[in-house]
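Just so you know, the protein sequences line up as chains A and B, in that order.
With numbering that gives the first Met the number 0, letter number 44 in the first sequence gets 43, and the count goes up by one each step, no holes.
With numbering that gives the first Met the number 0, letter number 30 in the second sequence gets 29, and the count goes up by one each step, no holes.
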Amino acid sequence: MKKKEEKRKEATLTRRKLLTRTGALSGILLTGCDTQFYRPPIIRDGLMGVADILTMASQRLLLSEQQLVQEHSVSEITKDFPVWNQSNPEDEEYQRLRAGGYREWRLPVTGMVNQPVSLSLEELKRIPRRTQTTMHICEQGWSAIAQWTGAPLLSVLEAAGGVKNGARYIVIDAYGGWYEGYDMFDVVHPQTILAYGMNGKDLPLGNGAPVRLRVERHCGYKQIKFIKSIQVVSSMEGFGRGTGGLNSDYGFHWYAGA
Amino acid sequence: MNKISKNWIYRHSYNARICHWITAVSFVYLLYSGIMIFLQFPELYWGKVGFQGYPAIFRLSDWGLSWEEADALGDRRWGRNYHYLFAWVFVINGIIYLGWNAWQKSFYRKIFPTRGELSVSNFKAEFVRHLRFKAVDRKKAEHYNVLQKLSYLIVLFLLFPFMIISGFAQMPAFTAISPELIDLFGGRQTARTLHVVCTVLLTLFVIVHLVEVMVAGAVNQVRSMIIGKYEVPTEISEEA
Numbered sequence: 000m001k002k003k004e005e006k007r008k009e010a011t012l013t014r015r016k017l018l019t020r021t022g023a024l025s026g027i028l029l030t031g032c033d034t035q036f037y038r039p040p041i042i043r044d045g046l047m048g049v050a051d052i053l054t055m056a057s058q059r060l061l062l063s064e065q066q067l068v069q070e071h072s073v074s075e076i077t078k079d080f081p082v083w084n085q086s087n088p089e090d091e092e093y094q095r096l097r098a099g100g101y102r103e104w105r106l107p108v109t110g111m112v113n114q115p116v117s118l119s120l121e122e123l124k125r126i127p128r129r130t131q132t133t134m135h136i137c138e139q140g141w142s143a144i145a146q147w148t149g150a151p152l153l154s155v156l157e158a159a160g161g162v163k164n165g166a167r168y169i170v171i172d173a174y175g176g177w178y179e180g181y182d183m184f185d186v187v188h189p190q191t192i193l194a195y196g197m198n199g200k201d202l203p204l205g206n207g208a209p210v211r212l213r214v215e216r217h218c219g220y221k222q223i224k225f226i227k228s229i230q231v232v233s234s235m236e237g238f239g240r241g242t243g244g245l246n247s248d249y250g251f252h253w254y255a256g257a
Numbered sequence: 000m001n002k003i004s005k006n007w008i009y010r011h012s013y014n015a016r017i018c019h020w021i022t023a024v025s026f027v028y029l030l031y032s033g034i035m036i037f038l039q040f041p042e043l044y045w046g047k048v049g050f051q052g053y054p055a056i057f058r059l060s061d062w063g064l065s066w067e068e069a070d071a072l073g074d075r076r077w078g079r080n081y082h083y084l085f086a087w088v089f090v091i092n093g094i095i096y097l098g099w100n101a102w103q104k105s106f107y108r109k110i111f112p113t114r115g116e117l118s119v120s121n122f123k124a125e126f127v128r129h130l131r132f133k134a135v136d137r138k139k140a141e142h143y144n145v146l147q148k149l150s151y152l153i154v155l156f157l158l159f160p161f162m163i164i165s166g167f168a169q170m171p172a173f174t175a176i177s178p179e180l181i182d183l184f185g186g187r188q189t190a191r192t193l194h195v196v197c198t199v200l201l202t203l204f205v206i207v208h209l210v211e212v213m214v215a216g217a218v219n220q221v222r223s224m225i226i227g228k229y230e231v232p233t234e235i236s237e238e239a
């Protein structure tokens, strides 16, 4: 029993730890009981909106200790991890960067941060990395296991001097026109990383080179690939239809934990 | 029962009636939306992982519908939205139903078989009667028969909870909330496969349920599930 408790403690980032760790994000309330984490940026009409809140609130309550997702052993890594959605953005700038081995790729971190920065791949790799072997669950029904290596998103925001008061979402733009928004509840999760490595190698083209997001408690469509930029914002208004991402603009759930 | 008039018996309480119809509507939506989701990934796997090209234990294409054809028929955007909406309707309705009835002694009398009903001879008699599609006499019409009771118990306390739990085991959030649950199923894909198997079992239950309603008299049965009163056929009630 005690062992189980210890194990749980290990796997759990306590709220206090989280708050000290996130000194750079002091403006944000990060308790799982904060109702801002119970709702998507736009609540849909009628019963659909009620169901969205029920799903999100119940899961966020159950996740309020920011537990880590299960990590698998290296031997369980899936060979032939599927490539889904766009596999090579038809984007001039992207193709130029790709031809140059991504040496000129930059990640601007802007918006409501104290010191906007633009990180190169090398600079991103200098941030203390995290490696995790996790299961990718696609909303369509498939699942596969891979090992991801990258910089914690929280560390990247710290590298930009932390976020300002009132910051609520981060918006990630991708080459090829995709964009997706995430709230701070997911940003602070230790397994939310900007992954540049997959199964011990550089992130392959089809899986989103040079950098994709791993936000492990969500379906595959939130794991945005081919990252172009990060903005910290107080509202999703003005991005697409304002629902918080391209997938939810199309009518899929913004909260993809279910 | 004291509410019996000459040829009528009071059969279903109003909470059972309301919850029955909400369950019925939820079931139709959950089944249809589930099919819409499944059609856009019409393969089943066993274990933790599975994807197009991975050894499948079931392929719709083996049954004459190619991946492309199935994909064109399905609509998982609509499907996922309505699946989660009616999952909530179903769960909340179920909690209300059980919460309401857990305190009613009559509920246990109604749905749990008595020791006498569990005898081999009674089983035999009920089987034979069902196979002959014979309706019951008045005295028995007041109660569920033993096969009815057992199938309702299995659906309420086994298949329905199983659907909910195997649904949880497919959700990415549960890799953090309770990975033990996913492991209990032997992996995410096994949970998905068993979710579909359980769907088939529930659908079979509904088909048999509807056939039984026809046999026992559709108008009378459906009416009793709306107004609560059940008319006992005259000639039988005269016999009794």
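All C-beta atoms in this analysis are idealised placements derived from N, C-alpha and C, irrespective of residue type, glycine included.
**Asked** Per DSSP, residue 192(A) is paired with what?
**Response** For residue 192(A), DSSP records a beta bridge to 151(A), 213(A).
**Request:** Could you please give me the residues that DSSP links to residue 170(A) through a beta bridge?
**Result:** Paired residues: 180(A), 230(A).
**Message:** Going by the DSSP bridge assignment, what does residue 204(A) pair with across the sheet?
**Reply:** Looking at the DSSP assignment, residue 204(A) forms no beta bridge with any residue, so it has no partner.
**Item:** Under 9 Å from the C-beta of residue 61(A): neighbouring residues of chain B
**Value:** For the C-beta of residue 61(A), the chain B residues within less than 9 Å are, from N- to C-terminus, 172, 173, 175, 176, 177.
**Asked** Do the CB positions of residue 139(A) and residue 204(B) come within less than 9 Å of each other?
**Response** When the beta-carbon positions are compared, residue 139(A) and residue 204(B) stay at least 9 Å from each other.
**Request:** Return the first residue and the last residue of the alpha helix (DSSP H) that residue 170(B) is part of.
**Result:** Run containing residue 170(B): none; DSSP gives neither H nor E here.
**Request:** Tell me residue 197(A)'s beta-bridge partners as DSSP assigns them.
**Result:** DSSP lists 147(A), 200(A) as partners of residue 197(A).
**Item:** According to DSSP, residues forming a beta bridge with residue 123(B)
**Value:** Per DSSP, residue 123(B) has no beta bridge partner at all.
**DSSP state of residue 105(A) mapped onto helix, strand, coil** = Strand.
**Prompt:** In this structure, does DSSP put residue 156(A) in helix, strand or coil?
**Reply:** Helix at residue 156(A).
**Asked** Are residue 133(A) and residue 196(A) touching if we call contact CB-CB under 9 Å?
**Response** No, they are not a contact pair.
**Asked** Do residue 116(A) and residue 107(A) have their CB atoms nearer than 9 Å?
**Response** A contact, by the Cβ cut-off of 9 Å.
**Asked** Using CA coordinates, which residue listed in 202(B), 197(B), 53(B), 161(B) is at the minimum distance from residue 183(B)?
**Response** That would be 161(B), whose Cα lies nearest to the Cα of residue 183(B).
**Environment of residue 51(A) [buried if 16+ CB atoms lie within 10 Å]** = Around the beta carbon of residue 51(A), a 10 Å sphere encloses 16 or more other beta carbons of the protein chains shown; the residue is thus reported as buried.
**Item:** For residue 156(A) and residue 192(A), the rounded distance between their alpha carbons
**Value:** Rounded to whole angstroms, the gap between the alpha carbons of residue 192(A) and residue 156(A) is 11 Å.
**Prompt:** Quick one: is residue 244(A) buried, meaning 16 or more other Cβ sit within 10 Å of its Cβ, or exposed?
**Reply:** Buried is the label assigned to residue 244(A), since at least 16 other Cβ atoms lie within 10 Å of its Cβ.
**Item:** Integer-rounded CB distance, given that residue 45(B) should sit under 8 Å from residue 174(B)
**Value:** The beta-carbon distance between residue 174(B) and residue 45(B), rounded to whole angstroms, is 19 Å. This is too long to meet the 8 Å contact definition.
**Request:** Closer than 7 Å by C-beta to residue 90(A): which residues in its own chain qualify, once you throw out the five before and the five after it? Chain order, please.
**Result:** In chain order, 174, 175 place their CB closer than 7 Å to the CB of residue 90(A), counting only its own chain and leaving out the 5 sequence neighbours on each side.
**Prompt:** Does the distance from the C-beta atom of residue 188(B) to that of residue 33(B) stay below 9 Å?
**Reply:** Contact: no.
**Item:** Test: residue 251(A) CB closer than 9 Å to a CB of chain B
**Value:** Output row for residue 251(A): interface = yes.
**residue 241(B) in three-state terms, based on DSSP** = In the structure displayed, chain B extends from 0 to 239; residue 241(B) sits before or after that span and is not available.
**Prompt:** Residues of chain A with a CB under 7 Å from the CB of residue 84(B): which are they?
**Reply:** Listed along chain A are 46, 47, 50, each with a C-beta nearer than 7 Å to that of residue 84(B).
**Request:** Report yes if the C-beta distance between residue 262(A) and residue 253(A) is below 9 Å; otherwise report no.
**Result:** With chain A covering 0 to 257 only, the question about residue 262(A) has no answer from this structure.
**Item:** residue 73(B) classed as buried or exposed, judged by whether at least 16 other C-beta atoms fall within 10 angstroms
**Value:** Here residue 73(B) is buried. Its C-beta has 16 or more other C-beta atoms within 10 Å.
**Prompt:** Going along chain A, which residues have a C-beta under 8 Å from residue 87(B)?
**Reply:** The contact set of residue 87(B) on chain A, defined by CB atoms closer than 8 Å, consists of 49, 50, 53, 54 in chain order.
**Message:** Going by DSSP, what residue range makes up the beta strand (DSSP E) through residue 252(A)?
**Reply:** Taken as a continuous stretch (DSSP letters only), residue 252(A) belongs to no beta strand (DSSP E), as it is neither H nor E.
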